[in-house]
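Residue numbers (our numbering): 332 to 826. Virtual Cβ for every residue (Gly too), placed ideally from N, Cα, C. Below is one structure, written out as structure tokens, with a few remarks after it.
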Ligand SMILES: *Cc1c(COP(=O)(O)O)cnc(C)c1O
């Protein structure tokens, strides 16, 4: 299986290992496999009898054909085993008669980024061997919170990889700061940057485009790499849990083999929902994809009108991982539906004018498969409260999706069994979750809300969060963003 750019098909294509090592195509496009492998109902039946690791290894083996099934099974068994995902990697919880919640946050950092970032570093480590790379990959991440911790936890102690995470000193919550500052592992560094997320992000971008820096790193046996969510190595593992959810729904008797399900996903960068779409293209029986957005409803507008327009206000919400105006992975959907030539044109327009409108045939193709709905802050809070009253505690991002699914069902009358992706533990955003249920609550910070939410709900606090206070703080450095290149060099012992 070769991988090609979403913006240009007249090129040679690369292996999966190369695509994972490289991250982004040379022309700025995203890597896509040359074909989408197929999955039959017999395949699904066979997978139904297997563990999550076996299901994931099988799906990955169809895409990463330069990896052996044994390699992938070994990696998936470590990534998704009981040690890292207690009680299973992607369990379903029943919400009501026709809806189940796919809980993707049972990993070490309590957010769904673990589903990709526990496996992707292992795939990268093997990719270095497969491509004859002798240097060590130096992963550089700027984070607004969740991705940094998930990347640290995924890359820690992985062979031939080092990772440094920069976060804005006043831009992350206390829980997030503690999660990163206490990170264990021999190949990790964490450093706070004075300023906001953009300062940290710009600092990282500058390092990536600094030729002298690349040369220095190269001389010392390192090359820069990113853990970005546009990497195919992060996207491919996400396909597996939709197949897995379908297997489990059939096993539970919620649907019959061959029946269609709807899939509703709280969406930011469009990676998670796109993985579900690939599963459908493979053959998984899916009726509609419900794309859920928060007050930053750019995707809802796009799906309704066919125009993607980022020239708009940006809102900070209680579902911060969805506060995004550029959904990078949407490019992959445009490519599959409209081809590389038009995708390249739309991305150019987005880059130059911040807006593009898709052709009528693309709009019609999207209409057939996707519905976009959004939830504002009040609706999100009301859903947390109502869902809790009905017996399920959900986080703020999941609440956006539950709201969207309900709006879709009410508006269309479509009663197809629905799987709602749940992307974070309610404890990851405990203060907002608690305040949504009891409006008069007041907490000094989100860490204080953990025991209160536990008392209110009786739901267990995930171990990684419960033990935060007892962990040793290893990283306390705060620097100016201009000093980020020096920091990188001194960490690596380069003059
Ligand atoms: C990253 C994230 C999302 C958005 O996922 P995308 O793949 O970027 O669409 C939603 N919820 C949570 C909690 C996240 O961390």
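- Item | Nearest neighbour of residue 808, chosen from 754, 819 and 393 [CA to CA] | 819
- The beta strand (DSSP E) enclosing residue 640, as first and last residue numbers: 638–640
- Would you mind sorting residue 803 into buried or exposed? The rule is 16 or more other CB atoms within 10 Å of its CB. exposed
- Please name the residue or residues paired with residue 593 in a DSSP beta bridge. 749
- Message: Is residue 469 near ligand 1 - that is, is its Cβ less than 7 Å away from at least one heavy atom of it?
- Response: no
- Between which two residues does the alpha helix (DSSP H) carrying residue 574 extend? 563–582
- For residue 543 versus residue 574, is the C-beta distance shorter than 8 Å? no
- Task: Drop a sphere of 10 angstroms on the beta-carbon of residue 536, count the other beta-carbons inside from all chains shown, and report buried for 16 or more, exposed for fewer.
- Result: exposed
- What's the gap between the Cα of residue 744 and the Cα of residue 424? 23 Å
- Query: Distance, Cα to Cα, residue 390 vs residue 414?
  - Reply: 22 Å
- Task: Just the C-alpha distance for residue 800 and residue 549, rounded to the nearest angstrom, thanks.
- Result: 39 Å
- Measure the Cβ-Cβ separation of residue 483 and residue 521 and say whether it is below 8 Å. yes
- Quick one: what does DSSP say residue 768 is sitting in, helix, strand or coil? helix
- Mark residue 418 as exposed unless 16 or more other C-beta atoms lie within 10 angstroms of its C-beta, in which case mark it buried. exposed
- Do the CB positions of residue 470 and residue 540 come within less than 8 Å of each other? no
- How long is the line joining the alpha carbons of residue 777 and residue 707, rounded to whole angstroms? 21 Å
- Item | Proximal residues to residue 576 (C-beta, below 7 Å), its chain only, five neighbours per side dropped | 421, 423, 433 and 750
- Helix, strand or coil for residue 781 per DSSP? helix
- Item | Neighbour-count burial assignment, residue 410, 16 or more Cβ in a 10 Å radius | buried
- Message: Tell me whether residue 616, by its Cβ, gets closer than 7 Å to a heavy atom of ligand 1.
- Response: no
- On the DSSP bridge assignment, give the partners of residue 615 in chain order. Its beta-bridge partners do not exist; DSSP assigns none.
- Item | Whole-angstrom C-beta distance between residue 393 and residue 386, which should lie under 8 Å | In fact, because the Cβ distance is near 12 Å, the residues do not count as touching under 8 Å.
- Item | Environment of residue 741 [buried if 16+ CB atoms lie within 10 Å] | exposed
- Item | residue 437 CB to nearest heavy atom of ligand 1 below 7 Å | no
- Message: Please determine whether the Cβ atom of residue 511 lies at a distance below 7 Å from any heavy atom of ligand 1.
- Response: no
- Item | Cross-strand partners of residue 790 (DSSP beta bridge) | In the DSSP output, where bridge partners are listed per residue, residue 790 has none listed.
- Relative to the C-alpha of residue 427, which residue among 568, 748, 407 and 768 is closest? 748
- Item | Ranges of the alpha helix (DSSP H) found wholly within the segment 712–764, counting only runs of at least 4 | 727–743
- Message: Using only the alpha-carbon positions, how far apart do residue 447 and residue 765 sit?
- Response: 28 Å
- Quick one: residues in its chain with C-beta nearer than 7 Å to the C-beta of residue 450, no 5 flanking neighbours on either side, listed in chain order? 406, 407, 410 and 568
- Task: Please list, in chain order, all residues of the same chain as residue 716 whose beta carbon is under 6 Å from its beta carbon, the five residues on each side excluded.
- Result: 767 and 768
- Message: Within a Cβ cutoff of 6 Å, which residues of the same chain sit near residue 487, ignoring the five residues on either side of it in sequence?
- Response: 516 and 519
- Paired residues, beta bridge with residue 703 - DSSP: 622
- Item | Residue burial classification, residue 759 (beta-carbon count within 10 angstroms, cutoff 16) | buried
- Query: Taking 7 Å as the line, does the beta carbon of residue 747 fall inside it for any heavy atom of ligand 2?
  - Reply: The ligand content of the structure shown is limited to ligand 1, which means ligand 2 is not among them.
- residue 560: CB within 7 Å of a non-hydrogen atom of ligand 1: yes
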